[in-house]
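Residue numbers (the UniProt record's numbering): 1 to 113.
Backbone N, C-alpha and C fix where the C-beta goes; we use that ideal spot for every residue, glycine too.
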Amino acid sequence: MDLSLSTETVGDRTVVRVGGEIDVYTAPKLREQLVELVNDGSFHLVVDMEGVDFLDSTGLGVLVGGLKRVRAHEGSLRLVCNQERILKIFRITGLTKVFPIHTTVEEAVQATD
Numbered sequence: 001m002d003l004s005l006s007t008e009t010v011g012d013r014t015v016v017r018v019g020g021e022i023d024v025y026t027a028p029k030l031r032e033q034l035v036e037l038v039n040d041g042s043f044h045l046v047v048d049m050e051g052v053d054f055l056d057s058t059g060l061g062v063l064v065g066g067l068k069r070v071r072a073h074e075g076s077l078r079l080v081c082n083q084e085r086i087l088k089i090f091r092i093t094g095l096t097k098v099f100p101i102h103t104t105v106e107e108a109v110q111a112t113d
């Protein structure tokens, strides 16, 4: 399985739609996208993970790295996910305390920091 990425701007947020698997092979592609967005001045990101079929520790590391990058610019990184198997990974690792996780892109975009 491959990783698909697309971005769109919604208000002052940049939404990154992710599809497929985020693993040791595909995570660098997501990392590259997040770094590029921050370098281009997008500091408020919403990562839509509704199309994600699999997430491993490398993928989690990329998301944490992205969060650190945007926070260095007083930004935010919000996740959109309501798939139980993916949410379980965030709960087990304690990352639900680190990332704001929303059920829809609209909810994440409208959330205040």
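- In the DSSP secondary-structure assignment, Asp48 is bridged to Arg17, Val80.
- In this structure, Gly19 is the residue among Gly11, Thr14, Gly19 with its C-alpha nearest to the C-alpha of Asp2.
- Annotation for Val62: Ala27, Leu30, Arg31 place their beta carbon closer than 6 Å to its own, counting only its chain and skipping 5 residues before and after.
- Counted as a single uninterrupted DSSP element, the alpha helix (DSSP H) harbouring Leu60 occupies residues 57-71.
- Around the beta-carbon of Ser4, fewer than 16 other beta-carbon atoms lie within 10 Å, marking it exposed.
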